[in-house]
Every structure is written in structure tokens, then in C-alpha cells.
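Enquirer: Would you mind keeping the following structure in view while I ask a few things?
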């Protein structure tokens, strides 16, 4: 057993959860044992009791009571990527530096794993680090069937700063979508709080009803029609102010103009044979201050193949876009 230690949170640990900090410094301490130490007040942060989920700040002092030594720690197998997976990640990389990795996520691949999901972006990223503390970290999410810009932090400090930027809405995001019909007016704002609702087809969100706003999440989307095809289909530029699950899909459905290919919020009308029945929602562009330098990072993701084909069928021309289309 070690004696009482007083350790300080490093700059690269700013924003880290207390339990994760413990796993990094004392991997031999189980989560259950840590919870016992916290409940009994033996672990202190700046002299005060703490919880496992508390976020740490650089310079804070952590009192660590005597804990078992790490002599019995079992070595962890090192993660790794197959050549095919490494080539895949390289093929979808839009931008990379010492702090960030920005990908063009394909439609159809999940960002994180689930009960029946074994291949996902987060799992591939795990193979890029030597251990859980050096692997790249997701800082936001995209739905499985949404394609486009996905930001990954390569350092813990960058992840913490990017997380704060998303929370304070300092990140500019532009999505492109193809929807049914022609919204009128062609520009506007949807300000409709959303609430989760379980259905036989899985989790969905819907507009909050009177009396539900305490448990609902505020959701705001700015929309603009970029072009339309005989008022039957419209190319939309969508700018979410908030970042709720399925926000853009639900908001466009509320307007009466669902995104085509949306199996949760769409309609049952058939599409022309030349248009593939897949979700036509793409995270086109993202811009934000670099977490280390403060300089603007501005990245645009090319359209996925199925949307490129749809644009060609409907006569939408990407190279003509300016302003609200996201190509300033």
C-alpha cells in the first residue's frame, strides 16, 4: 500500500473526470474501490469531498489515500489498426494537425458502438492510440446515416477546449439537405423544443407539448432554400444553433418538408427511380477557433456519392453556391 499522496492536476488533464484521472494514475484501483474512497471522504479535491463525475481543473490538488500498489496490474493488449482500416481513415481525412483530426464521415457508419454495432468511428480511433489516454477523442456526434464533417481531438486538452466551444456555441456548422417540396417562406427559423419519445421503431424526438417544457430540450435551427426542382424537391442549407439528437430531421419534418430518405421522420411517398432512398443530410462545413492557436479552422466536406447523384438528377449545381449555402 502506498502512503497518502497529494497530486496536482496537469495542464493536459484540465476538464478530465475525477474517476478517469484515477484510472490514469492508479490503474490498479477498481471503480468500486474508488467509489468507496469517495463515499468515505478519503479522496479530496482542494480539500473538499468530490464525486467520480466531477471535472478537474489545472492546478487543483487531489488528496489520494493509501491505495494498493500496482504490482499486480495486468498488462493491457495494445490496440492497433489493420492496414485496411488505416487506409480507410486516411481516405476520409479532411484535415489533421498535432491537435485535431477532421474526418468526412461516410453515411451508414456509426460514430459510436452499440448492442449490434461492432464497426464504428470511435472504435477505429481507439486503434490510433497506445492506450485510453493517448487515443483521439470524439468531441461531437453525427447520426449513423448523416455524412460529413466530424471533429476529433488528438489531445485531452484539445478535447476539453473543443467541448467547451460546442457547449458555448462557438462552433459554426452548416448542413446541406434535400427535402420534399418547397418551404415557404424560403428562409426562416424553427424554434421548437424537442423531447425524446420511445416508439416501436426505436427512439425518436418530437415537439414538446404544453406542460412538457421542463423536461424538453431547447432546439433552434435556421434554414434557407438554396435551390429547388419544380417545387417538388429543395436543396436546403441548415444552420443548427443547438445540437440536439435528430434536431434537423425533426425540425424539417415539423415544417412539412421532411428530408428525403429519412426512415424515422420522412413520409411514405416514393422517390423517382434515379434518387436513392437514403438519408440526404450532410454536415457540409464547420468553422471554429483552433483550440491551441486561436486561428480559424474552416473545413468543408465533399458530398457523398448518393447526394452527388441526386444533385445531378435535380440540376443542383454546387459550384454556384454562395452565402447561405455555406460556401462564403
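Numbering (full-length UniProt numbering), first residue to last: 1 to 328. Glycine is no exception: its CB is placed at the ideal position from the N, C-alpha and C atoms.
(1) Could I get the ranges of all uninterrupted beta strand (DSSP E) runs contained in the segment 255 to 303, with 3 residues as the minimum, in chain order?
(2) Do residue 152 and residue 101 have their beta-carbon atoms positioned less than 7 Å apart in this structure?
(3) With a 10 Å radius around its C-beta and 16 neighbouring C-beta atoms as the bar for buried, classify residue 143 as buried or exposed.
(4) Leaving out five residues before and five after residue 160 in sequence, what residues of the same chain have Cβ atoms less than 6 Å from its Cβ?
(5) Between the alpha carbons of residue 76 and residue 216, how many angstroms are there, rounded?
(6) In the structure shown, what three-state DSSP assignment does residue 223 receive?
(7) Would you identify the three-state DSSP class for residue 12, choosing helix, strand or coil?
(8) Taking the beta strand (DSSP E) that residue 180 belongs to, which residues open and close that run?
(9) Is the beta carbon of residue 63 closer than 7 Å to that of residue 39?
(10) Name the DSSP bridge partner or partners of residue 240?
(11) Just how far apart, CA to CA, sit residue 211 and residue 189?
(12) Can you tell me whether residue 252 is helix, strand or coil according to DSSP?
(13) Please confirm if the segment 134 to 141 is in contact with the segment 106 to 122, defined as three or more CB-CB distances below 8 Å between the two stretches.
(14) In terms of alpha-carbon separation, which member of 273, 24 and 239 lies closest to residue 225?
(15) So, helix, strand or coil for residue 143, using DSSP?
(16) DSSP puts residue 319 in a beta bridge; with which residues?
(17) Would you mind stating whether residue 291 and residue 158 have Cβ atoms separated by less than 7 Å?
(18) Cα separation between residue 180 and residue 147?
(19) When you compare each of 286, 11 and 197 to residue 297 by their alpha carbons, which one comes out closest?
(20) Under 7 Å, Cβ to Cβ, is there at least one residue of chain B near residue 313?
(21) Using the rule of at least 16 other Cβ atoms within 10 Å of the residue's Cβ for burial, across every protein chain shown, is residue 306 buried or exposed?
(22) For the putative contact between residue 251 and residue 192, defined by C-beta atoms under 8 Å, what is the C-beta separation to the nearest angstrom?
(23) For residue 47, I'd like the list of residues in its chain whose CB is within less than 8 Å of its CB, leaving aside the five on either flank, ordered along the chain.
(24) For residue 78, name the three-state secondary structure that DSSP assigns.
(25) Taking the C-alpha atoms as reference points, what is the distance between residue 185 and residue 223?
Expert: Put simply:
(1) 281 to 289 and 296 to 300
(2) yes
(3) buried
(4) 14 and 15
(5) Only weak support is given to the placement of residue 76: the predicted model assigns it a pLDDT of 47, under 50, and the value that follows is read from those uncertain coordinates. If I take the Cα positions, the gap works out to 42 Å.
(6) strand
(7) helix
(8) 172 to 180
(9) no
(10) 221
(11) 23 Å
(12) helix
(13) yes
(14) 239
(15) coil
(16) Note: residue 319 sits in no beta bridge, so no partner.
(17) yes
(18) 19 Å
(19) 286
(20) Protein chains in the displayed structure number just one, and chain B is not present.
(21) buried
(22) 6 Å
(23) 61 and 63
(24) Annotation note: pLDDT 47 at residue 78 (below 50); position unreliable, coordinate value reported separately. Looking at residue 78 - three-state DSSP - the assignment turns out to be coil, as it is neither helix nor strand.
(25) 10 Å
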